[in-house]
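Written out below as structure tokens is the structure these notes cover.
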Amino acid sequence: MRAQVLEAYRTPYFLRERPKPHDPTGHDLLIRVQAASYCHTDAVLAAGEFPQHPLPRVGCHEFAGVIVAMGSDVRPDLSLKTGLLVGVPGRSYHSCGTCYECRNNDGDPESYGVWCNRAEGNLGMNRDGGFQDYCIVDSRQVAPIPSVLSAVDAAPLMCAGLTIWNALGQAGVRLEEHGGEGLTIAISGAGGGLGHIGVQFALKLGCHVLAIDASDAALNLLREMSASLSPQSSKITIVDARKQKAQTVRQDVFSQPESVSVEERGADAVLILPESQGALDYGMELLKNHGTCVIVSFPKGGFRFEPRDLIFRHITMKGVLVGKNRQLRAMVKFAAQQGVRAKIRTYSLEDLNTLVSDYHKGAFGGKLVVDMLK
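Mapping of the sequence shown onto UniProt numbering: residues 1 to 374, in sequence order.
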């Protein structure tokens, strides 16, 4: 079978022929990969910033494919069968089953914890992932994909979609009840891979959205997307952070009622997606007192924050990494029903290095996806 292999840090992928994986055992599935999406974390791994993950490695931790074979311990209540299209996030392959995360997993498959620190691996990171024709995956990771979604549609939802869905929940949106009415959510980096999916989710959950970005390509993507989202588009305000100061946005967007002072106005929550101190500072200025700042990015040099914001303004800060399997299934169902789709540009597996080059150039908005059927 074909596989794109990262053999050394800061080098291209190499297309290799490898043996097809063995038949699955236990909780595992063998899937034929149909689409594999490129994530910022793939770029971080390739840059050598996760040295604990040894090379060579087949990357990609957000992909989708068809079940070819199933291990003997796959649970019937997961509703999986051969021939079914499933989406696969990278975490967590073979969790330990006994730690706190595995024992207190809030509705996920029994003894399976997506944040288990003792798991045998994370696909695409320290186990081979989706940039290959076939892949062994843990059945407790995956979600069946509704027929209205193609594999190419589904792949970006497995990390970008799940992460931003969970981030909205951490921001106070009642995901189970589809309850975002009355909330204003600011999304910094709204024109990027996670951000433009998050804008769609937030609008269709009933929120008002401040969609913030600082590049022409990202802002153009947001304008195009907003025009296609009528009637929800009336609830989106696109903000060019290069030209509009946070305090001005806060005053103008939250101008009603006039009796409310500027200090009391602001967003209920802000999601910080870029690896940018400026993005964090801008977002914190938009928050009202008692608001929530959800951090999704992890810059190499870290973030700085003002303790006075947490203390005197009572701001809550949270971090988010993907989500539970039950959240994955709920998110996929919502995306299918509500027409949430990533803006996608596709490449063949052979053209993966072209995809990577385009990613680093920032030439295209949305998500870049390997279509294995090309």
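Yeah, the Cβ is synthetic: ideal placement off N, Cα and C, and Gly gets one too.
Same chain, Cβ closer than 8 angstroms to residue i, neighbours up to 5 away in sequence not counted
| i | result |
| --- | --- |
| P12 | N353, V356 |
| R329 | A143, P144 |
| L162 | P89, V322, G323, Q327, L328, M331 |
| C99 | G113, C116, N117, R118 |
| L221 | G191, H196, K343, G365, G366 |
| M225 | H196, V199, Q200, K343 |
| I311 | none |
| L229 | Q200, L203, I236 |
Close-in-space but distant-in-sequence residues of the same chain around residue i (CB under 7 angstroms, 5 per side omitted)
| i | result |
| --- | --- |
| T346 | V152, V369, D371, K374 |
| L15 | R2, Q4, E350 |
| Q287 | Position check: residue 287 holds Leu in this sequence, whereas Gln was assumed. Around L287: G266, A267, V270, C293, I315. |
| V239 | L210, A211, I212, V249 |
| L30 | P21, D23, P24, V68, A69, Y134, I136 |
| residue 405 | With the chain covering 1 to 374 only, the question about residue 405 has no answer from this structure. |
Expected contact under 8 angstroms - CB spacing of residue i and residue j to nearest Å
| i | j | result |
| --- | --- | --- |
| G97 | S111 | 4 angstroms |
| I272 | S297 | 6 angstroms |
| Q251 | R265 | 7 angstroms |
| V66 | L85 | 5 angstroms |
| A279 | S188 | 5 angstroms |
| D138 | Y93 | 5 angstroms |
| N126 | P54 | 7 angstroms |
| I136 | P19 | About 12 angstroms separates the two Cβ atoms, so there is no contact after all. |
| K300 | E49 | 6 angstroms |
| G71 | H27 | 6 angstroms |
| N289 | R313 | 5 angstroms |
6 angstroms CB neighbourhood of residue i in its chain, flanking five on each side removed
| i | result |
| --- | --- |
| K318 | Q170, V294 |
| K243 | none |
| A214 | A241, R242 |
| R304 | none |
| G339 | none |
| E275 | S297, P299 |
Contact check, residue i vs residue j, beta carbons under 8 angstroms
| i | j | result |
| --- | --- | --- |
| A241 | E285 | no |
| R57 | L6 | yes |
| V270 | I236 | no |
| A336 | V148 | yes |
| Q141 | N325 | yes |
| A160 | G193 | yes |
| R32 | V74 | no |
| T248 | L210 | no |
| A36 | A155 | yes |
| P109 | K333 | no |
| Y359 | Y38 | yes |
| A167 | G283 | no |
| A227 | S233 | yes |
message: Between the segment 86 to 98 and the segment 60 to 71, can you find at least three pairs of beta-carbon atoms closer than 8 angstroms?
response: Yes, they touch.
message: Extract the residue ranges of the alpha helix (DSSP H) inside the segment 145 to 182, only unbroken runs of 4 or more that lie entirely within it.
response: Those alpha helix (DSSP H) runs which fall completely within the segment 145 to 182 and span 4+ residues are 151 to 154, 160 to 170.
message: Does the contact criterion of 3 or more C-beta pairs under 8 angstroms hold for the segment 177 to 188 versus the segment 197 to 211?
response: As far as the Cβ criterion goes, the segment 177 to 188 touches the segment 197 to 211, which means the pair count is three or higher.
field: Ordered list of alpha helix (DSSP H) runs contained in the segment 269 to 301, each at least 4 residues
entry: Segments of the alpha helix (DSSP H) lying fully in the segment 269 to 301: 277 to 286.
task: At 4 residues or longer, and completely inside the segment 295 to 338: list those alpha helix (DSSP H) runs for me, N to C.
output: DSSP assignment within the segment 295 to 338 yields the following whole alpha helix (DSSP H) runs of 4 residues or more, N-terminal first: 307 to 312, 325 to 338.
field: Complete runs of the beta strand (DSSP E) confined to the segment 45 to 96 [at least 3 residues]
entry: As far as the segment 45 to 96 is concerned, its whole beta strand (DSSP E) runs of at least 3 residues are 62 to 70, 85 to 89.
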